[in-house]
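So the sequence shown is numbered by the working numbering: it starts at 89 and just counts up by one. Note that beta-carbon positions come from the ideal geometry of N, C-alpha and C, so glycine has one too. Only one structure is covered here, and it is reproduced in the block below.
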Amino acid sequence: NYCEKNEETMKNYCALVTLVLLPVGSPFVIPGYRLVSSVRLSMSSTDDDVASLLAAAAKAREDAARLAKELGKAPEEPAMVAKESLPFEEASDLVSTIDFEGGDASQQYEKLSSLVSSGSLAIWNSANNDQMLRSYPVSLGFLSSRTGGKVTGESLGVAGEGDVGMDDFKYATVGVTLVCSVLGVAALAFLPENVGATVCYLVAVIPVLFLGIGSSAPALIANVIAQFKGTADDKEQRLDRICRHEAGHFLCGYLCGLPVKSYSLLDSGIPCVEFYPSQEGGSAGKKLTQGEIAALSVVAMSGSVAEVIGFGNAKGGENDLIELESIFRRSDEFIGAQEQQDLTRWGALIAYELLTTNTAKYEKIVDAFKQKKSVAECIATLEAR
Numbered sequence: 089n090y091c092e093k094n095e096e097t098m099k100n101y102c103a104l105v106t107l108v109l110l111p112v113g114s115p116f117v118i119p120g121y122r123l124v125s126s127v128r129l130s131m132s133s134t135d136d137d138v139a140s141l142l143a144a145a146a147k148a149r150e151d152a153a154r155l156a157k158e159l160g161k162a163p164e165e166p167a168m169v170a171k172e173s174l175p176f177e178e179a180s181d182l183v184s185t186i187d188f189e190g191g192d193a194s195q196q197y198e199k200l201s202s203l204v205s206s207g208s209l210a211i212w213n214s215a216n217n218d219q220m221l222r223s224y225p226v227s228l229g230f231l232s233s234r235t236g237g238k239v240t241g242e243s244l245g246v247a248g249e250g251d252v253g254m255d256d257f258k259y260a261t262v263g264v265t266l267v268c269s270v271l272g273v274a275a276l277a278f279l280p281e282n283v284g285a286t287v288c289y290l291v292a293v294i295p296v297l298f299l300g301i302g303s304s305a306p307a308l309i310a311n312v313i314a315q316f317k318g319t320a321d322d323k324e325q326r327l328d329r330i331c332r333h334e335a336g337h338f339l340c341g342y343l344c345g346l347p348v349k350s351y352s353l354l355d356s357g358i359p360c361v362e363f364y365p366s367q368e369g370g371s372a373g374k375k376l377t378q379g380e381i382a383a384l385s386v387v388a389m390s391g392s393v394a395e396v397i398g399f400g401n402a403k404g405g406e407n408d409l410i411e412l413e414s415i416f417r418r419s420d421e422f423i424g425a426q427e428q429q430d431l432t433r434w435g436a437l438i439a440y441e442l443l444t445t446n447t448a449k450y451e452k453i454v455d456a457f458k459q460k461k462s463v464a465e466c467i468a469t470l471e472a473r
């Protein structure tokens, strides 16, 4: 009986322990299955989120492509990789069929661009992208620091200082007036009456002629003053300066993708290139976009910058600055005085970067210009590799 009672007591105790531990153990057993289920549900939810994001991204790309097409800016087909080597003769044959002298601007642009797309040409229009030709304000200090102190207002001749300044013109005018006055008085005093009066009148006209020439063709007066000051280049150096100036225009214009409008020889015998303002050509009254203004700013300043790189200063940029000012007036958006200065300095900076990163090609163009080679031969020189 004692054993039976102990057995029954033991059964009751085990039952009591089971009832007590069962609720305690349930969080460790049953929720285990809930945890796995929760993880699976979470993973499933994450997969759904990823799928929805991918779908949204695809829809955004479709909307962007549709909008670009509606705006007439459908994405272009990617160009083929340029050939690793292109002999000069082959490059010359490729561009020899293009009419660069009197040809249509759009035809030039299309043919050269197609040669780039086929992988034949490599550097035509290579600088004409948002990264390179996106203008931004440039101060004289920033321009100097980015060019190692080479390109400054003084070296470009836009800061009022140079070989011949306004003070030189002032002193020259005063000197000519004084000399002519002395000569006129001397003629009246020492020559016969009629002869003296005639000489005096003739001498009196000289200051007027001097002022007339100075206002219409100041470069002529500047050259004479430079000769007296001893700052003028000798003939060989002057020809080299002109050649490097024009070669700078040619290289930067080609890199910016501007079609050639004319190509002729200067009085010095050095070729001179003129570009169309846009790929469509454009008449004198055509308004220019901001992108076209940016490219023309670089090309306009490239000649003076090339002189600075080669000689430390620029002497032939006056006409380029006058032309650049007329380009600003043709902008389809108003360009104020401060923005014009910023664009001019920015154009000088980008021209410096293009010329210094393509030094070898630039020197080849300088040699080609000295040999008076044609446009097609100059382009073949640039593209040969």
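Original post:
Between which two residues does the alpha helix (DSSP H) containing residue 273 stretch?
Top reply: 254-278
**OP:** Tell me whether residue 374 sits in a helix, a strand or coil according to DSSP, three-state version.
**Re:** coil
Original post:
For the candidate residues 264, 261, 327 and 291, whose alpha-carbon lies nearest to that of residue 275?
Top reply: 291
Original post:
Are the segment 392-408 and the segment 226-242 touching by the rule of at least three beta carbon pairs closer than 8 angstroms?
Top reply: yes
**OP:** For residue 197, count neighbouring C-beta atoms within 10 Å of its own C-beta (all shown protein chains included) and say buried if the count is 16 or more, exposed if not.
**Re:** buried
Original post:
What number of angstroms, rounded off, separates the C-alpha of residue 351 from the C-alpha of residue 323?
Top reply: 23 angstroms
**OP:** In the DSSP assignment, find the unbroken alpha helix (DSSP H) run with residue 205 in it and report its ends.
**Re:** 193-205
**OP:** Taking the CB atoms as reference points, tell me whether residue 376 and residue 365 lie closer together than 8 angstroms.
**Re:** yes
Subject >> Residue range of the unbroken alpha helix (DSSP H) whose run includes residue 295 >> reply: 281-304
**OP:** Counting only runs of 4+ residues fully inside the segment 351-433, write out the alpha helix (DSSP H) ranges in chain order.
**Re:** 378-399 and 406-417
Original post:
For residue 239, which of helix, strand or coil comes out of DSSP?
Top reply: coil
Original post:
Do the CB positions of residue 210 and residue 473 come within less than 8 angstroms of each other?
Top reply: yes
Original post:
With burial defined as no fewer than 16 other Cβ atoms inside 10 Å of the residue's Cβ, what is the status of residue 341: buried or exposed?
Top reply: buried
**OP:** Compare the beta carbon distance of residue 183 and residue 464 with 8 angstroms and say whether it is the shorter of the two.
**Re:** yes
Original post:
According to DSSP, which residues form a beta bridge with residue 348?
Top reply: 363
Original post:
By how many angstroms is the C-alpha of residue 285 removed from the C-alpha of residue 429?
Top reply: 52 angstroms
**OP:** Tell whether a beta-carbon distance below 8 angstroms holds between residue 193 and residue 468.
**Re:** no
**OP:** Please state if the CB of residue 335 and the CB of residue 224 are separated by a distance shorter than 8 angstroms.
**Re:** no
Original post:
Using the C-alpha atoms, what's the distance from residue 359 back to residue 266?
Top reply: 42 angstroms
Original post:
So what's residue 151 in DSSP terms, helix, strand or just coil?
Top reply: helix
**OP:** Evaluate residue 390 with the Cβ neighbour count: other Cβ atoms within 10 Å of its Cβ, from every protein chain shown; 16 or more gives buried, anything less gives exposed.
**Re:** buried
**OP:** Given a cut-off of 8 angstroms, decide if residue 408 and residue 392 are closer than it, judged by their beta-carbon atoms.
**Re:** yes
Subject >> Rounded straight-line distance, which links the Cα of residue 411 to that of residue 278 >> reply: 51 angstroms
**OP:** Give a yes or no on whether the C-beta atoms belonging to residue 313 and residue 301 are separated by under 8 angstroms.
**Re:** no
Original post:
Which word fits residue 421, buried or exposed, when buried means at least 16 other C-beta atoms lie within 10 angstroms of its C-beta?
Top reply: exposed
**OP:** Select from 368, 387 and 438 the residue whose C-alpha is nearest the C-alpha of residue 219.
**Re:** 438
**OP:** Using the Cα positions of residue 470 and residue 172, report the straight-line distance between them to the nearest angstrom.
**Re:** 14 angstroms
**OP:** Along the alpha helix (DSSP H) that carries residue 461, what are the first and last residues, could you check?
**Re:** Note, residue 461: premise wrong, no alpha helix (DSSP H); not H, not E.
**OP:** Throw me the rounded Cβ distance for the residue 212 and residue 200 pair, which I believe falls under 8 angstroms.
**Re:** 5 angstroms
Subject >> Inter-residue CB distance, residue 51 and residue 457 (contact presumed, cutoff 8 angstroms) >> reply: Nothing about residue 51 can be read from this structure; the chain reaches only from 89 to 473.
Original post:
On the three-state DSSP scale, how would you describe residue 311?
Top reply: helix
**OP:** Return the first residue and the last residue of the alpha helix (DSSP H) that residue 325 is part of.
**Re:** 323-343
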